[in-house]
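Asker:
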Amino acid sequence: MPSPPEKLRSWRRLAKLAERGVASEGGRLALSRAASSATVRSLGVRVGPLLVELSRQGIGKETLAALVELAQESQLPDAVEAQFRGDRINATEDRAVLHTALRAPAAARPASVADEIEREQRRMLDFAEALRSGRRVGCTGRPIRTLVHVGIGGSHLGPHLVCEALASPPGRLPPDIRFLANIDGHAAATTLAGLDPETTFFAVVSKSFGTEETLANAAAARSWLLERTLQPKALVHHFAAITANVEAAREFGIAPDTCFPMSDSVGGRFSVWSAVGLPVAARIGRQGFVDFLGGAHRMDRHFRSAPVERNAPMLLALVGLLNANFRGASSHAVLAYDGRLRRLPDYLQQLEMESNGKSVRTDGEASAVHTAPVIWGGEETNGQHAFHQLLHQGTRTVSADLVAVVNPAHRHLEQHERLLAHCLAQGEALELGDNAEDPHRRTPGNRPTTTILLDELTPHALGALLALYEHKVFCAGRLLQVNSFDQWGVELGKRLAAPVRQTLATGVVRPETDPTTAALLDAIRGRRLRQ
Numbered sequence: 177m178p179s180p181p182e183k184l185r186s187w188r189r190l191a192k193l194a195e196r197g198v199a200s201e202g203g204r205l206a207l208s209r210a211a212s213s214a215t216v217r218s219l220g221v222r223v224g225p226l227l228v229e230l231s232r233q234g235i236g237k238e239t240l241a242a243l244v245e246l247a248q249e250s251q252l253p254d255a256v257e258a259q260f261r262g263d264r265i266n267a268t269e270d271r272a273v274l275h276t277a278l279r280a281p282a283a284a285r286p287a288s289v290a291d292e293i294e295r296e297q298r299r300m301l302d303f304a305e306a307l308r309s310g311r312r313v314g315c316t317g318r319p320i321r322t323l324v325h326v327g328i329g330g331s332h333l334g335p336h337l338v339c340e341a342l343a344s345p346p347g348r349l350p351p352d353i354r355f356l357a358n359i360d361g362h363a364a365a366t367t368l369a370g371l372d373p374e375t376t377f378f379a380v381v382s383k384s385f386g387t388e389e390t391l392a393n394a395a396a397a398r399s400w401l402l403e404r405t406l407q408p409k410a411l412v413h414h415f416a417a418i419t420a421n422v423e424a425a426r427e428f429g430i431a432p433d434t435c436f437p438m439s440d441s442v443g444g445r446f447s448v449w450s451a452v453g454l455p456v457a458a459r460i461g462r463q464g465f466v467d468f469l470g471g472a473h474r475m476d477r478h479f480r481s482a483p484v485e486r487n488a489p490m491l492l493a494l495v496g497l498l499n500a501n502f503r504g505a506s507s508h509a510v511l512a513y514d515g516r517l518r519r520l521p522d523y524l525q526q527l528e529m530e531s532n533g534k535s536v537r538t539d540g541e542a543s544a545v546h547t548a549p550v551i552w553g554g555e556e557t558n559g560q561h562a563f564h565q566l567l568h569q570g571t572r573t574v575s576a577d578l579v580a581v582v583n584p585a586h587r588h589l590e591q592h593e594r595l596l597a598h599c600l601a602q603g604e605a606l607e608l609g610d611n612a613e614d615p616h617r618r619t620p621g622n623r624p625t626t627t628i629l630l631d632e633l634t635p636h637a638l639g640a641l642l643a644l645y646e647h648k649v650f651c652a653g654r655l656l657q658v659n660s661f662d663q664w665g666v667e668l669g670k671r672l673a674a675p676v677r678q679t680l681a682t683g684v685v686r687p688e689t690d691p692t693t694a695a696l697l698d699a700i701r702g703r704r705l706r707q
């Protein structure tokens, strides 16, 4: 493991460049309107159907050289190979990280898992095709028409994004797909409303099969099904589990032939390529899912082979580190200039913040640098009428990714041209600003952005886009020297919730209860309509 990042020569070099203003091209990000097209092209990286354009990051030759040196000093290329080799790079849990193996051709997978991946992927795709074709029937013999995906966090955000983003291929009507994630009972009531229990199927997704929210929703779905079908054995016809704890799923009542394993070496937020992607396969079909994996693998090949200065995921990670630690950007906006990608900010919020939102390095010492920024954003151009004011004239610097699709899947071409025009104009406005005479109209510019263009929103292109961001997150974690594949910070709140729930149920406040929590419990008890 290299020295802590702030001790590296390249880090000190970046700090000096920032002090001199060179890290932002002489104090400003703008390359100027007279910048040569060759300069701009040199900062754009194409990977198949994706163009990653970094020219609005204001990276000069000195800054780029220092960033490349930082990657080399951090042993980033070696870390990439260690991941693909199947080394146990998740040090705190002593696990390999194998999500890339799920989308690799059989010959490129680690030998220890190749056969299992092939077998289980075929099982999942066969099951998805049975759902799509109507061959899968419920307890009364009627074909399944609705698939409800029950999961939260990584088990939910990736599949939900992909299912909404991608259209089903023509010629066959897929099942209606709904998602049930939140423990809020309103979510269950809304999701189940209007469904026919005889034609509804539930896929319960939890690696441990112990996630509180998922099991509570699964239990609510089980009760709903049994109360309406009056068939005690209905569960075996209407439930599947995607989990690493198959025994717990069986105890819940799910039949062994509809239990699909999750590997301990695949984290939830990296799991859409696995059986967790069942609703994706049910929506876009076997070939669509294969294309989705193929797009991700194309990005994997680029990631492993391209030099740092032409490596799209590495460059995204490096400029993210530059913006957070040397340009004062504590948050990063994801601006989706395509309504089909409106869930991309939520997906990336978890991917980046749960992976790299750490304050302790892998060596157990406190980090002395800024790690993951706050990730947020929205669907455009709605965001332009909601929060772009802060991006342009706020007192805090916010970096941004602008993601757009060149060729739409509709015929409203004039509207699409307007959408693309706004995307490009926002990048220009954030970079250059406007030195108006009226101070209230003045916009300082100097806001760093990256523009990502997809040729079309196909399974292949979306797979490449998600893999791009996965690799960016891995690189950022390596540069920052945090473990991107654990999430111990979420455990404390879950642990504290159990005794609070017991107090809500019994009315008995434990002596050790936090005073504010005790006061809030008392306020809840005093206003409850049902005791």
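Using the numbering used here, you'd call the opening residue of the sequence shown number 177 and step up by one each time. Glycine included, every Cβ here is placed at the ideal spot set by N, Cα and C.
Tell me, to the nearest whole angstrom, how far the beta carbon of residue 325 is from that of residue 303; I am working on the premise that it is less than 8 Å.
Answerer: That pair is no contact at about 13 Å.
Asker: Is residue 528 helix, strand or coil by DSSP?
Answerer: helix
Asker: Starting from the C-beta of residue 636, find all residues in its chain whose C-beta is less than 8 Å away, skip the five residues before and the five after it, and write them out in chain order.
Answerer: If we look at residue 636 and ignore the five residues flanking it on each side, its Cβ neighbours are 224, 225, 467, 468, 470, 471, 474.
Asker: Alpha carbon to alpha carbon, how far is residue 423 from residue 701? Give it in angstroms, no decimals.
Answerer: Between the alpha carbons of residue 701 and residue 423 lies a distance of about 38 Å.
Asker: Taking one C-beta from the stretch 476-487 and one from the stretch 308-317 each time, how about it: are there three or more such pairs within less than 8 Å?
Answerer: no
Asker: Is the CB-CB distance between residue 577 and residue 484 below 9 Å?
Answerer: no
Asker: How would you call residue 370, buried or exposed, if buried means at least 16 neighbouring beta carbons within 10 angstroms?
Answerer: exposed
Asker: Assuming residue 645 and residue 333 are in contact, meaning their beta carbons sit under 8 Å apart, how far apart are those beta carbons, in whole angstroms?
Answerer: Contact flag wrong, Cβ pair sits at about 12 Å.
Asker: In the DSSP assignment, what are the bridge partners of residue 553?
Answerer: 510
Asker: Would you tell me roughly how many angstroms separate the C-alpha atoms of residue 697 and residue 390, rounded to the nearest one?
Answerer: 25 Å
Asker: In whole angstroms, what separates the C-alpha of residue 230 from that of residue 625?
Answerer: Between the alpha carbons of residue 230 and residue 625 lies a gap of roughly 7 Å.
Asker: For my contact list, residue 288 and residue 262 are in at a C-beta cut-off of 8 Å; report their separation, rounded to the angstrom.
Answerer: 7 Å
Asker: Excluding the 5 residues flanking residue 648 on each side, which residues of the same chain have their C-beta closer than 6 Å to its C-beta?
Answerer: 489, 492, 493
Asker: Would you say residue 676 and residue 692 are within 9 Å of each other, going by their C-beta atoms?
Answerer: no
Asker: Can residue 663 and residue 618 be called in contact, C-beta distance under 9 Å?
Answerer: no
Asker: Would residue 499 pass as a contact of residue 419 if the rule is Cβ separation under 9 Å?
Answerer: no
Asker: Report the three-state DSSP secondary structure of residue 623 (helix, strand or coil).
Answerer: coil
Asker: Can you tell me the Cα-Cα spacing of residue 398 and residue 406, whole angstroms?
Answerer: 11 Å
Asker: What are the boundary residues of the alpha helix (DSSP H) that residue 185 is part of?
Answerer: Looking at the DSSP string, the run of the alpha helix (DSSP H) that includes residue 185 is 185-196.
Asker: Quick check: the Cα distance between residue 601 and residue 529, rounded to an integer number of angstroms?
Answerer: 29 Å
Asker: Using the Cβ count rule (16 or more neighbours within 10 Å means buried), how would you classify residue 187?
Answerer: buried
Asker: Going by DSSP, what residue range makes up the beta strand (DSSP E) through residue 437?
Answerer: 435-437
Asker: So residue 531 packs on residue 537, CB below 8 Å; how close in whole Å?
Answerer: The Cβ separation is near 14 Å, so there is no contact.
Asker: Restricting to Cα atoms, I'd like to know which of 495, 487, 329 is closest to residue 446.
Answerer: It is 329 whose Cα lies nearest to the Cα of residue 446.
Asker: Excluding five sequence neighbours on each side, which residues of the same chain lie with their C-beta closer than 8 Å to the C-beta of residue 632?
Answerer: These residues qualify, in order along the chain: 225, 581, 582, 583, 585.
Asker: According to the neighbour-count rule (16 or more other Cβ atoms, all chains shown, within 10 Å of its Cβ), is residue 634 buried or exposed?
Answerer: buried
Asker: Buried or exposed, going by whether 16 or more other CB atoms sit within 10 Å of the CB of residue 623?
Answerer: buried
Asker: Going by other Cβ atoms of all chains shown within 10 Å of its Cβ, with 16 needed for buried, is residue 232 buried or exposed?
Answerer: buried
Asker: Whole-angstrom Cβ separation of residue 458 and residue 353, contact assumed at under 8 Å?
Answerer: 6 Å
Asker: So, do the stretch 558-569 and the stretch 669-688 have three or more beta carbon pairs nearer to each other than 8 Å?
Answerer: no
Asker: So, is residue 376 buried or exposed, given that buried needs 16 or more other C-beta atoms within 10 angstroms?
Answerer: buried
Asker: With DSSP collapsed to three states, give me the class of residue 181.
Answerer: helix
Asker: Hey, would you say residue 425 sits closer than 9 Å to residue 385, going by beta carbons?
Answerer: A contact, by the Cβ cut-off of 9 Å.
Asker: Checking 9 Å against the spacing of the C-beta atoms, do residue 259 and residue 276 come in under that value?
Answerer: yes
Asker: Go to residue 603, then tell me how far its alpha helix (DSSP H) extends in each direction, as first and last residue.
Answerer: 589-608
Asker: Assuming residue 650 and residue 266 are in contact, meaning their beta carbons sit under 8 Å apart, how far apart are those beta carbons, in whole angstroms?
Answerer: Wrong, their Cβ atoms sit about 11 Å apart, outside the cutoff.
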